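Visitor: Sequential numbering of the sequence shown, starting at 3, is according to the numbering used here.
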Amino acid sequence: MPALWNLPDFDAHEGVHFFTDARSGLRAVIAVHSTHLGPAAGGTRFWHYADDADAVTDALRLSRGMSFKNAMAGLPMGGGKGVILAGPERAKSPELLAAFGRAVDSLGGRYVTAEDVGMGEADLVAIGNETRYVCGLPVGEGAAGGDPGPYTAMGVFLGVKAAIKHALGKDSADGVHVAVQGVGSVGGGLARLLAAEGARLTLADVDAARAEALAGELGAATVPADRIVGVEADVLSPCALGAILTEQSIAALKVKAVAGGANNQLATPDDGARLHARGILYAPDYVINAGGIINVALEYLGQGDRAEVESRLHQIPVRLESIWAESEKTGETEAAVADRMAMALIGRA
Ligand code: NAD
């Protein structure tokens with residue numbers, strides 16, 4: 003493996019921390035990309051990686067994405083990310099979570115953790131027994147905080163509606179065909195909100211039973227997970243894992259817009275240009291999927307309630323509109339415009 007700072011995804015990260023705990027078997031990476039705007043905030047991913055180097059790459063990419071996301075969401079937080087390397091059996095013990103909590107604590111508040119793929123509220127509660135640098139904990143009725151998933155889904159819903167308005171000129175999702183890839187916390191929540199507004203849905207998940215169950219509930223269609231990208235629809239909403247927009251998948255797209263909750267959807271910056279060249283509107287992922295971090299950051303900061311979170315979620319479509327307008331003015335890709343705006347905000351213009 004090349005030196006950390008020679009990895010393609012290294013972006014002058016302020017710190018990349020490796021943790022092990024022999025007793026619990028913890029192996030984890032915490033990447034702090036930037037603390038320019040405040041403590042580096044971002045969830046922890048619990049995932050089995052075929053190659054350990056992929057975990058480091060994920061931490062580097064995801065933490066940079068959090069810097070951009072938090073800045074564009076107007077939060078006084080920097081960007082960081084935790085990755086716990088799960089074994090193939092994905093076992094998660096109380097000892098392992100406690101050891102991770104101590105790892106977070108050892109950074110003294112430079113990094114604040116929350117949920118991400120593979121980590122739920124109960125896991126955060128366990129981590130919170132060891133550190134106060136944690137959010138996404140259960141909260142009372144009407145308070146900001148708790149599971150970020152539903153807020154991410156709500157923000158993505160508002161962003162998808164903005165994309166529908168921009169690309170199709172329609173004020174409602176009624177009758178609009180949206181293909182949703184991944185129907186977990188974010189994709190499932192999004193599908194429910196879209197269905198309630200009368201959208202036509204095609205769903206896919208590698209857990210086919212999960213997609214079928216939701217489709218039955220919502221009256222939606224399903225396709226096998228490997229077919230969703232090629233579905234002819236108005237909008238594709240990637241809500242599974244990252245790097246799904248590649249030269250090959252973009253060539254197969256039959257939609258007018260891509261707007262979804264997954265992090266790091268573009269496999270490479272060139273893929274932003276490929277989408278743009280095909281005239282497919284793109285909602286930069288870290289702008290549209292900021293709802294969850296807005297919710298848990300307000301919880302962590304002790305600022306505002308659920309109504310404040312919801313009012314900030316309504317800024318997501320406004321931000322997307324400003325990116326699309328700038329992209330149309332300058333000819334840059336949507337992704338490049340968003341990156342430029344975010345870099346300026348974190349002092350790296
Ligand atoms: P989740 O684990 O609840 O759901 C993900 C779903 O995607 C699962 O049902 C899984 O089976 C499915 N999936 C995985 N690979 C797939 C594939 N190749 N094709 C189809 N389905 C596939 O996770 P989530 O919390 O819903 O997060 C989804 C995405 O959104 C992730 O990229 C995550 O980083 C991002 N995100 C989540 C939040 C949040 O608040 N939960 C916030 C911002 C971004």
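Beta carbons: idealized from backbone N, C-alpha and C, even for Gly. All values reported here derive from a predicted model rather than from experimental measurement.
Grouping DSSP H, G and I as helix and E and B as strand, with all else coil, what is E143?
Guide: Coil.
Visitor: Are Y288 and G274 close, meaning C-beta to C-beta below 8 Å?
Guide: Contact: no.
Visitor: Might you give, ordered along the chain, the residues of its own chain that have their beta carbon closer than 7 Å to the beta carbon of L243, omitting 5 neighbours on each side?
Guide: The answer, listed in chain order, is A264.
Visitor: Mind checking which residues open and close the beta strand (DSSP E) that includes H38?
Guide: From DSSP, H38 is part of no beta strand (DSSP E); its letter is neither H nor E.
Visitor: Does the Cβ of D60 lie closer than 7 Å to at least one heavy atom of the ligand NAD?
Guide: Incorrect: D60 has no Cβ contact closer than 7 Å to the ligand NAD.
Visitor: Quick check: the region 95–107 against the region 19–37, are there 3 or more CB pairs under 8 Å?
Guide: Verdict: yes, contact present.
Visitor: Heavy atom of the ligand NAD less than 7 Å from the Cβ of N72, yes or no?
Guide: For the ligand NAD, not one heavy atom lies less than 7 Å from the Cβ of N72.
Visitor: Just to confirm my understanding: we take S239, look at its own chain, exclude 5 residues before and 5 after, and list those with CB closer than 8 Å. What are they?
Guide: Answer for S239: V158, V162, V180, A181, V182, Q183, G189, L192, V260, A261, G262 and G263, listed in chain order.
Visitor: Could you tell me which whole beta strand (DSSP E) segments of length 3 or greater appear in the region 234–295?
Guide: DSSP runs (the beta strand (DSSP E)) wholly in the region 234–295: 237–240.
Visitor: Could you check how far apart the C-beta atoms of N266 and R63 are, in whole angstroms? I think they sit under 8 Å.
Guide: Their Cβ separation, rounded to whole angstroms, is 5 Å, which keeps N266 and R63 in contact under 8 Å.
Visitor: Within the present structure, is the beta-carbon of T224 separated from the nearest heavy atom of the ligand NAD by less than 7 Å?
Guide: T224 Cβ: outside cutoff for every heavy atom of the ligand NAD.
Visitor: Confirm, please, whether the CB-CB distance from V178 to R212 is below 8 Å.
Guide: In this structure, V178 does not lie closer than 8 Å to R212 by Cβ.
Visitor: How many angstroms separate the CA atom of Q317 from the CA atom of L28?
Guide: C-alpha separation (whole angstroms): 39 Å.
Visitor: Give every residue of the same chain whose Cβ lies closer than 7 Å to the Cβ of Y51, excluding the five residues on either side of it in the sequence, and list them in chain order.
Guide: Correct list, in chain order: A57 and L87.
Visitor: With respect to the alpha helix (DSSP H) encompassing H168, which residues constitute its N-terminal and C-terminal limits?
Guide: H168 -> alpha helix (DSSP H) spans G151 to L170.
Visitor: What I want to know is whether the C-beta of L241 ends up closer than 7 Å to one or more non-hydrogen atoms of the ligand NAD.
Guide: Note that residue 241 corresponds to Cys in the displayed sequence, not to Leu. Yes, the beta carbon of C241 sits closer than 7 Å to at least one heavy atom of the ligand NAD.
Visitor: Helix, strand or coil: which one does DSSP assign to V114?
Guide: Note: V114 maps to strand in three-state DSSP.
Visitor: Do you know whose CA, among A198, S95, S187 and A299, lies nearest D176's CA?
Guide: Taking only the C-alpha atoms, the option nearest D176 is A198.
Visitor: Does the region 330–344 come close enough to the region 295–310 to have 3 or more Cβ pairs within less than 8 Å?
Guide: Touching, no.
Visitor: I think I296 touches L77, with their Cβ atoms under 8 Å apart; what is that distance to the nearest whole Å?
Guide: Rounded, the Cβ-Cβ distance is 7 Å, consistent with contact.
Visitor: Using DSSP with H/G/I as helix, E/B as strand and the rest coil, what is K83?
Guide: Looking at K83 - three-state DSSP - the assignment turns out to be strand.
Visitor: Please tell me whether, using a cut-off of 7 Å, the distance from the CB of T37 to the nearest non-hydrogen atom of the ligand NAD is below it.
Guide: Checking every heavy atom of the ligand NAD against the Cβ of T37, none is found closer than 7 Å.
Visitor: Between L196 and W7, what straight-line distance do the alpha-carbon atoms span, to the nearest angstrom?
Guide: In a straight line, the C-alpha of L196 is about 43 Å away from that of W7.
Visitor: For the ligand NAD, is there any heavy atom lying closer than 7 Å to the beta carbon of P10?
Guide: No, the ligand NAD has no heavy atom inside 7 Å of this Cβ.
Visitor: Using the beta-carbon count (16 or more within 10 Å), is T115 buried or exposed?
Guide: Label assigned to T115: buried.
Visitor: Contact between the region 250–257 and the region 121–129: three or more CB pairs below 8 Å?
Guide: No: the two stretches stay apart, fewer than three of their Cβ pairs being nearer than 8 Å.
Visitor: Just to confirm, is the Cβ distance from P286 to E323 under 8 Å?
Guide: Not in contact: P286 and E323 (Cβ atoms no closer than 8 Å).
Visitor: Looking at D60 and V85, is the spacing between their C-beta atoms short of 8 Å?
Guide: In this structure, D60 lies closer than 8 Å to V85 by Cβ.
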